[in-house]
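A.B. asks: Have a look at the structure that comes next, please.
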Amino acid sequence: MTSLDRGREPTPGPIRPFDFPKVDRREIDGLDLRVARISQLPMVAVNVFVRAGEWALEENVAGLAVLTGDALEGGTRRRSGTELAESLERLGARLHVSTGWEGTSVSLSCLADRLTDGLAILAETVLSPAFPDDEVRRAREQALAGIRQAAMDPASVASHEASRRIFAAGVPYARPVEGTLESVGSLHRRHLEGLAEALYGPRAGGLVVVGDVTYDEIEAMVLDHFGSWSGGPSTRREAVVEPRSRERGIFVVDRPGSVQSELRVGHVGIEKSHPDELPAVVLNTLLGGAFTSRLNLNLRERHGFTYGVRSRFSLRGEAGPFSVSTSVATDATGPAIREILTELEGIVSGGPTAAEVEAARDYIAGVFPLRLETAGQVAGRITELLVYDLEDDYHDRYRDRVRGVSVAAVAEAAQRHIRPEEAQIVVVGDAEAVVAELEALSVGPVEIVGQD
Amino acid sequence: MTRLSVPVARHRLHNGLRVVLSEDRSVPVVCTNLWYGVGSRNEPAGKTGFAHLFEHMMFQGSAHVPKNRHFELVERAGGTLNATTWFDRTNYFQTLPSHHLELALWLESDRMGWMLPAMDQEKLDNQRNVVKNEKRQRYDNQPYGDWDERLQALVFPAAHPYHHTVIGSMEDLDAATLDDVASFFRTYYVPNNAVLTLAGDFDSGRALDLVEAYFGEIPPGAPIPPVPWETEVEPVIGETVRDRVISDVPLPRVIMGLRIPPYSQAEFTVAEVTRAVLGSGRASRLYRRLVREEKVAKDVVSYAFPLMSGASMLLVWITGYADSRVDDLESALGGELEALADVEPDEVERAVALTETDLVRALERVGDRADLLSMFDLYFDDPGRLNREVERLRSVRVDDVRRFAVSHLGGDNRAVVSYVPEGGS
Numbered sequence: 000m001t002s003l004d005r006g007r008e009p010t011p012g013p014i015r016p017f018d019f020p021k022v023d024r025r026e027i028d029g030l031d032l033r034v035a036r037i038s039q040l041p042m043v044a045v046n047v048f049v050r051a052g053e054w055a056l057e058e059n060v061a062g063l064a065v066l067t068g069d070a071l072e073g074g075t076r077r078r079s080g081t082e083l084a085e086s087l088e089r090l091g092a093r094l095h096v097s098t099g100w101e102g103t104s105v106s107l108s109c110l111a112d113r114l115t116d117g118l119a120i121l122a123e124t125v126l127s128p129a130f131p132d133d134e135v136r137r138a139r140e141q142a143l144a145g146i147r148q149a150a151m152d153p154a155s156v157a158s159h160e161a162s163r164r165i166f167a168a169g170v171p172y173a174r175p176v177e178g179t180l181e182s183v184g185s186l187h188r189r190h191l192e193g194l195a196e197a198l199y200g201p202r203a204g205g206l207v208v209v210g211d212v213t214y215d216e217i218e219a220m221v222l223d224h225f226g227s228w229s230g231g232p233s234t235r236r237e238a239v240v241e242p243r244s245r246e247r248g249i250f251v252v253d254r255p256g257s258v259q260s261e262l263r264v265g266h267v268g269i270e271k272s273h274p275d276e277l278p279a280v281v282l283n284t285l286l287g288g289a290f291t292s293r294l295n296l297n298l299r300e301r302h303g304f305t306y307g308v309r310s311r312f313s314l315r316g317e318a319g320p321f322s323v324s325t326s327v328a329t330d331a332t333g334p335a336i337r338e339i340l341t342e343l344e345g346i347v348s349g350g351p352t353a354a355e356v357e358a359a360r361d362y363i364a365g366v367f368p369l370r371l372e373t374a375g376q377v378a379g380r381i382t383e384l385l386v387y388d389l390e391d392d393y394h395d396r397y398r399d400r401v402r403g404v405s406v407a408a409v410a411e412a413a414q415r416h417i418r419p420e421e422a423q424i425v426v427v428g429d430a431e432a433v434v435a436e437l438e439a440l441s442v443g444p445v446e447i448v449g450q451d
Numbered sequence: 000m001t002r003l004s005v006p007v008a009r010h011r012l013h014n015g016l017r018v019v020l021s022e023d024r025s026v027p028v029v030c031t032n033l034w035y036g037v038g039s040r041n042e043p044a045g046k047t048g049f050a051h052l053f054e055h056m057m058f059q060g061s062a063h064v065p066k067n068r069h070f071e072l073v074e075r076a077g078g079t080l081n082a083t084t085w086f087d088r089t090n091y092f093q094t095l096p097s098h099h100l101e102l103a104l105w106l107e108s109d110r111m112g113w114m115l116p117a118m119d120q121e122k123l124d125n126q127r128n129v130v131k132n133e134k135r136q137r138y139d140n141q142p143y144g145d146w147d148e149r150l151q152a153l154v155f156p157a158a159h160p161y162h163h164t165v166i167g168s169m170e171d172l173d174a175a176t177l178d179d180v181a182s183f184f185r186t187y188y189v190p191n192n193a194v195l196t197l198a199g200d201f202d203s204g205r206a207l208d209l210v211e212a213y214f215g216e217i218p219p220g221a222p223i224p225p226v227p228w229e230t231e232v233e234p235v236i237g238e239t240v241r242d243r244v245i246s247d248v249p250l251p252r253v254i255m256g257l258r259i260p261p262y263s264q265a266e267f268t269v270a271e272v273t274r275a276v277l278g279s280g281r282a283s284r285l286y287r288r289l290v291r292e293e294k295v296a297k298d299v300v301s302y303a304f305p306l307m308s309g310a311s312m313l314l315v316w317i318t319g320y321a322d323s324r325v326d327d328l329e330s331a332l333g334g335e336l337e338a339l340a341d342v343e344p345d346e347v348e349r350a351v352a353l354t355e356t357d358l359v360r361a362l363e364r365v366g367d368r369a370d371l372l373s374m375f376d377l378y379f380d381d382p383g384r385l386n387r388e389v390e391r392l393r394s395v396r397v398d399d400v401r402r403f404a405v406s407h408l409g410g411d412n413r414a415v416v417s418y419v420p421e422g423g424s
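Written out as structure tokens, the structure reads:
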């Protein structure tokens with residue numbers, strides 16, 4: 000080979016196309032079934048999504064949807080919790096339940112030749128949970144212990160305090176998704192049974208199967224195991240997302256002796272279905288989403304204040320938070336907040352450069368296939384369509400739409416959706432060491448707040 | 000039993016660089032994964048944490064790549080990149096759309112061959128601050144954050160390389176100099192101490208030509224010096240040693256470390272399966288007995304570390320409820336470890352089935368595939384071992400686990416770090 004010119008970056012080879020796996024979608028007796036075949040390895044991933052999320056719940060039972068999901072492993076009308084686990088694990092299968100604001104996903108992952116048995120157990124778990132008393136009590140005690148643990152983890156404390164400061168009281172997003180000691184402590188078996196009875200149905204939910212399988216074999220299995228399934232919610236709860244305040248302020252949660260300050264700087268952002276979704280995603284990538292974003296290059300690579308900093312629009316069913324998150328050395332607390340606000344102000348007033356927008360678009364479009372390697376990842380993406388009620392071709396068009404985001408659209412998104420003057424700033428750290436410095440910043444009133 | 004057939008081809012360049020190619024054209028994605036045979040075990044006294052700090056310096060540019068440019072180019076190509084430092088090795092990995100393979104090779108080779116001209120004091124000071132903040136964030140500012148430092152010091156004697164942590168100490172990080180960077184680079188970051196794996200979408204012949212072109216002219220280094228510690232240790236700790244910590248933690252927690260055979264020995268497989276019987280899945284011993292039935296623990300975590308130097312560690316921790324006593328947690332956990340001497344065949348069967356599925360699931364990712372191939376090549380000179388992993392796990396018999404429980408899970412092989420909440424019982 001001829002010798003290389005190391006001073007020049009290599010030119011890329013010919014690009015190879017990538018298509019989102021083809022999804023077969025049909026409705027079977029009211030059940031939305033979506034199947035995609037990928038067959039590099041003999042794996043299969045199944046998600047059952049039911050619209051039983053924390054968004055739909057009143058504050059006094061906050062955490063009920065999460066607890067109900069977690070208690071599914073407690074057993075069915077035919078099998079105890081241990082028998083259920085043994086049946087699954089004999090197949091080498093794993094079952095995972097995750098509950099968020101919108102609903103609960105029950106996921107099965109197993110080798111393809113064990114799917115028939117795995118799917119039967121999955122169906123039994125979701126369709127006929129028994130919620131035995133002692134299993135419900137245990138799930139509740141575990142949840143309460145988890146809440147106590149989070150209350151001493153500085154990152155969780157900061158995120159929870161930020162939610163409470165960003166959203167008006169009464170907006171579900173103001174509270175932790177897993178509920179509080181008070182709300183979870185009040186939950187009993189009858190609450191779980193009631194929630195599952197009312198919301199664990201196929202309506203407004205669905206079933207996603209991805210892996211080394213064909214649609215026809217799946218349809219037969221689904222008819223066998225989910226054929227009788229019915230019910231579920233008919234409407235989605237309406238609630239208006241309002242900010243708690245439009246005045247900037249700094250809220251310090253005192254954690255004496257902390258060697259770092261956990262920081263959150265945020266305000267109400269946008270919902271997943273917002274027309275500015277993709278400009279906002281591009282904007283966030285160059286602002287604080289990528290390693291080479293403005294925030295990370297400033298706080299980490301220039302100043303060494305932190306191990307890392309990220310910003311994020313949490314795109315949910317309704318407008319979630321926009322938030323900058325980092326953890327900085329105690330003596331860098333004031334300077335780091337100053338730099339974060341400067342970056343937010345800079346992107347609003349000056350907008351992004353064309354080179355930044357191009358790089359961010361290329362990054363988002365390029366990493367898209369990298370995150371679709373596994374059956375579980377593809378199933379997760381398809382489940383998103385159910386969760387947020389997106390068009391069937393959302394993922395097929397995603398990269399082209401990202402590439403079509405203009406510099407002007409990103410600049411407008413920054414002006415509309417980044418509001419440093421309304422930011423709620425949360426500091427979890429050693430109050431004695433940081434308060435004077437925070438006062439001196441003169442960016443808003445500084446208040447020391449107690450932890451709930 | 001799943002028959003694995005991951006393609007594996009090996010090559011070696013004249014400078015000693017080992018190359019593993021695993022071509023799979025199904026998705027237009029490629030991963031470059033580079034393992035250097037250096038980790039915290041190579042750090043002498045007074046230099047703890049240096050291997051990891053050095054890893055950060057590898058991202059600060061090289062002769063033909065200015066600071067931040069590496070990240071910019073890979074992100075812009077739609078790729079991801081990172082690195083990790085561990086006891087026995089340091090790995091660097093980039094996953095990109097496959098038409099950018101050459102970019103990845105250029106960047107990776109430039110820092111293997113031409114890193115030092117780009118080093119300066121400002122970069123070192125900057126990354127020293129970043130790493131100190133990493134230590135603060137992940138360890139010093141966390142409840143239970145010093146557990147591994149305490150546990151390793153009990154499981155491994157003071158002269159053993161695993162006695163100190165990968166993150167190291169603030170004092171040693173403060174003492175690191177540019178001369179240290181240069182000598183570490185010349186000693187360990189040489190082609191004869193590295194394995195480069197490419198996995199994913201490429202043509203093997205063309206890829207090998209590119210690897211030769213980019214890496215072939217990098218001169219080899221001297222033979223790698225031995226680990227500056229005593230790696231030979233007794234197979235078990237010899238007693239139960241304890242460290243009780245009264246601290247600002249939310250819940251009582253007992254963390255147990257057991258000395259087990261190193262990953263280099265066949266018996267490690269038995270330790271691995273024993274770990275899965277104990278702690279993999281919700282029908283596992285510890286979850287079923289301590290979490291579900293007895294309800295003494297809120298959760299259990301277990302792990303068998305694949306370490307190479309003389310011995311390795313099996314880790315189990317259990318977190319109690321607010322009113323639990325750590326003595327009760329320790330005796331409940333100890334009881335379950337000993338009870339494994341009567342393990343049933345069905346339990347071993349389930350543990351192996353879960354481990355098998357977990358392996359196949361990991362292989363779905365080109366990054367995990369490449370990482371395993373690099374590891375097997377560096378540690379065992381045998382990347383093809385990947386395709387025999389299921390057989391290796393399936394070779395463990397119930398009697399092996401019973402014997403292992405007697406030889407390694409008893410009271411003569413326990414290091415126990417207990418956290419008692421301040422003001423608690």
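Line by line, the protein sequences are chains A and B. Using numbering that gives the first Met the number 0, the letters of the first sequence map in sequence onto residues 0 to 451. Using numbering that gives the first Met the number 0, the letters of the second sequence map in sequence onto residues 0 to 424. Virtual Cβ for every residue (Gly too), placed ideally from N, Cα, C. Note that this is a predicted model, so its numbers are computed, not measured.
Given a cut-off of 7 Å on the beta-carbon distance, is the pair tyrosine 199 (chain A) and valine 47 (chain A) in contact?
C.D. replies: Taking 7 Å as the Cβ cut-off, tyrosine 199 (chain A) and valine 47 (chain A) do not qualify as a contacting pair.
A.B. asks: Could you tell me the alpha carbon to alpha carbon distance between alanine 414 (chain B) and aspartate 147 (chain B), rounded to whole angstroms?
C.D. replies: If I take the Cα positions, the gap works out to 11 Å.
A.B. asks: Helix, strand or coil, according to DSSP, for serine 406 (chain B) in the structure here?
C.D. replies: Three-state DSSP puts serine 406 (chain B) in a helix.
A.B. asks: In chain order, what residues of the same chain have a beta carbon less than 6 Å from the beta carbon of serine 424 (chain B), not counting five sequence neighbours either side?
C.D. replies: In this prediction, serine 424 (chain B) has a pLDDT of 45, which is less than 50 and means its spatial position is unreliable; what the coordinates show is noted afterwards. The answer, listed in chain order, is Arg324.
A.B. asks: To the nearest angstrom, how far is it from the Cα of aspartate 50 (chain B) to the Cα of arginine 127 (chain B)?
C.D. replies: Here residue 50 (chain B) is alanine; the residue named in the question, aspartate, does not match the sequence. Taking the straight line joining both Cα atoms gives about 12 Å.
A.B. asks: In terms of DSSP beta bridges, what is valine 264 (chain A) paired with?
C.D. replies: Bridge partners of valine 264 (chain A): A:Val323, A:Ile424.
A.B. asks: Under 7 Å between C-beta atoms, does leucine 369 (chain A) make it to chain B?
C.D. replies: Closer than 7 Å to some Cβ of chain B, the Cβ of leucine 369 (chain A) qualifies, so yes.
A.B. asks: Among the candidates A:Gly333, A:Ala238, A:Ala378, whose CA atom is the shortest distance from the CA of glutamate 317 (chain A)?
C.D. replies: Looking at the Cα atoms, A:Ala238 is the closest of the given residues.
A.B. asks: So that I know if they touch, is there some Cβ in chain B lying closer than 7 Å to that of threonine 382 (chain A)?
C.D. replies: Judged by the 7 Å Cβ criterion, threonine 382 (chain A) is not in contact with chain B.
A.B. asks: Quick one: is aspartate 341 (chain B) near chain A, going by C-beta distance under 7 Å?
C.D. replies: With 7 Å as the cut-off, aspartate 341 (chain B) does not count as an interface residue toward chain A.
A.B. asks: Checking contacts by CB at 7 Å: is phenylalanine 130 (chain A) closer than that to chain B?
C.D. replies: No, because no Cβ of chain B sits closer than 7 Å to the Cβ of phenylalanine 130 (chain A).
A.B. asks: Checking contacts by CB at 7 Å: is glutamine 141 (chain A) closer than that to chain B?
C.D. replies: Chain B contact via Cβ: present.
A.B. asks: For the alpha helix (DSSP H) holding isoleucine 363 (chain A), just list the boundary residues, first then last.
C.D. replies: Element bounds for isoleucine 363 (chain A): 353–369.
A.B. asks: Take valine 208 (chain A) and list the residues in its own chain whose beta-carbon comes closer than 6 Å to its own, dropping the five residues that flank it on each side.
C.D. replies: Val34, Val45, Ile217.
A.B. asks: Going along chain A in order, which residues have a C-beta closer than 8 Å to the C-beta of lysine 46 (chain B)?
C.D. replies: Within chain A, no residue comes near lysine 46 (chain B); the closest Cβ sits about 21 Å away, beyond 8 Å.
A.B. asks: Closest to proline 96 (chain B) by C-alpha separation, out of A:Pro11, A:Val22, A:Met42, A:Thr103, would be which residue?
C.D. replies: Closest option to proline 96 (chain B), Cα to Cα, is A:Pro11.
A.B. asks: Who are the near neighbours of alanine 455 (chain B) in its chain, counting only those whose CB is closer than 6 Å to its CB and skipping five residues on each side?
C.D. replies: It is not possible to answer for residue 455 (chain B), since the shown part of chain B is limited to 0 through 424.
A.B. asks: In whole angstroms, what is the alpha-carbon distance linking glycine 403 (chain A) and aspartate 395 (chain A)?
C.D. replies: If you take the alpha carbons of glycine 403 (chain A) and aspartate 395 (chain A), they lie about 14 Å apart.
A.B. asks: Among A:Asp112, A:Ser127, A:Val60, A:Gly99, which one has its Cα closest to the Cα of leucine 71 (chain A)?
C.D. replies: Checked all of A:Asp112, A:Ser127, A:Val60, A:Gly99; the closest Cα to leucine 71 (chain A) is A:Ser127.
A.B. asks: Taking the C-alpha atoms as reference points, what is the distance between threonine 352 (chain A) and glycine 167 (chain B)?
C.D. replies: Taking the straight line joining both Cα atoms gives about 41 Å.
A.B. asks: Out of B:Tyr378, B:Tyr286, B:Ser406, B:Ser330, state which residue places its alpha-carbon closest to the alpha-carbon of isoleucine 236 (chain B).
C.D. replies: Measuring from the Cα of isoleucine 236 (chain B), the nearest candidate turns out to be B:Ser406.
A.B. asks: Let me see if you follow: with CB-CB separation under 7 Å, is glutamine 259 (chain A) close to chain B or not?
C.D. replies: Glutamine 259 (chain A) counts as touching chain B.
A.B. asks: DSSP on glutamine 259 (chain A), reduced to helix/strand/coil?
C.D. replies: DSSP places glutamine 259 (chain A) in strand when its eight states are reduced to three.
A.B. asks: Taking a contact to mean a Cβ-Cβ separation below 7 Å, would you say arginine 258 (chain B) touches valine 154 (chain B) in this structure?
C.D. replies: Yes, they are a contact pair.
A.B. asks: Considering only the beta carbon of each residue, do glycine 15 (chain B) and proline 219 (chain B) sit closer than 7 Å?
C.D. replies: Contact: yes.
A.B. asks: May I have the straight-line CA-CA distance separating arginine 418 (chain A) from isoleucine 339 (chain A), to the nearest angstrom?
C.D. replies: Straight-line Cα distance between these residues: approximately 12 Å.
A.B. asks: Under three-state DSSP, which class holds phenylalanine 375 (chain B)?
C.D. replies: Reduced to three states, the DSSP call for phenylalanine 375 (chain B) is helix.
A.B. asks: Around the C-beta of glycine 349 (chain A), are 16 or more other C-beta atoms found within 10 angstroms, so that it is buried, or is it exposed?
C.D. replies: By the neighbour-count rule (16 or more Cβ atoms within 10 Å), glycine 349 (chain A) is not buried but exposed.
A.B. asks: How is glutamate 211 (chain B) classed by DSSP in three states: helix, strand or coil?
C.D. replies: It is helical.
A.B. asks: When burial is assigned at 16 or more other CB atoms within 10 Å of the CB, is histidine 452 (chain A) buried or exposed?
C.D. replies: No statement about residue 452 (chain A) is possible, as the shown extent of chain A runs from 0 to 451 and does not include it.
A.B. asks: Look at aspartate 171 (chain B) and threonine 268 (chain B) and say whether their C-beta atoms are less than 7 Å apart.
C.D. replies: No, they are not a contact pair.
A.B. asks: Considering only their Cβ atoms, is the gap separating alanine 62 (chain B) from tryptophan 113 (chain B) smaller than 7 Å?
C.D. replies: Contact flag set, yes.
A.B. asks: Check whether the stretch 279–296 of chain A touches the stretch 65–76 of chain B, counting contact only when three or more Cβ pairs, one atom from each stretch, lie closer than 8 Å.
C.D. replies: Yes, the stretch 279–296 of chain A is in contact with the stretch 65–76 of chain B.
A.B. asks: Here's the rule: buried if 16 or more other CB atoms are within 10 angstroms of the residue's CB, otherwise exposed. What is histidine 159 (chain A)?
C.D. replies: Buried.
A.B. asks: Taking beta-carbon pairs under 7 Å, can you tell me which members of the stretch 266–291 of chain B lie near chain A?
C.D. replies: Going along the stretch 266–291 of chain B in chain order, one finds Gly280, Arg281, Ala282, Arg287, Arg291 with a Cβ nearer than 7 Å to chain A.
A.B. asks: Rounded C-beta distance between proline 234 (chain B) and leucine 306 (chain B)? I'm assuming under 8 Å.
C.D. replies: 14 Å between Cβ atoms; not a contact.
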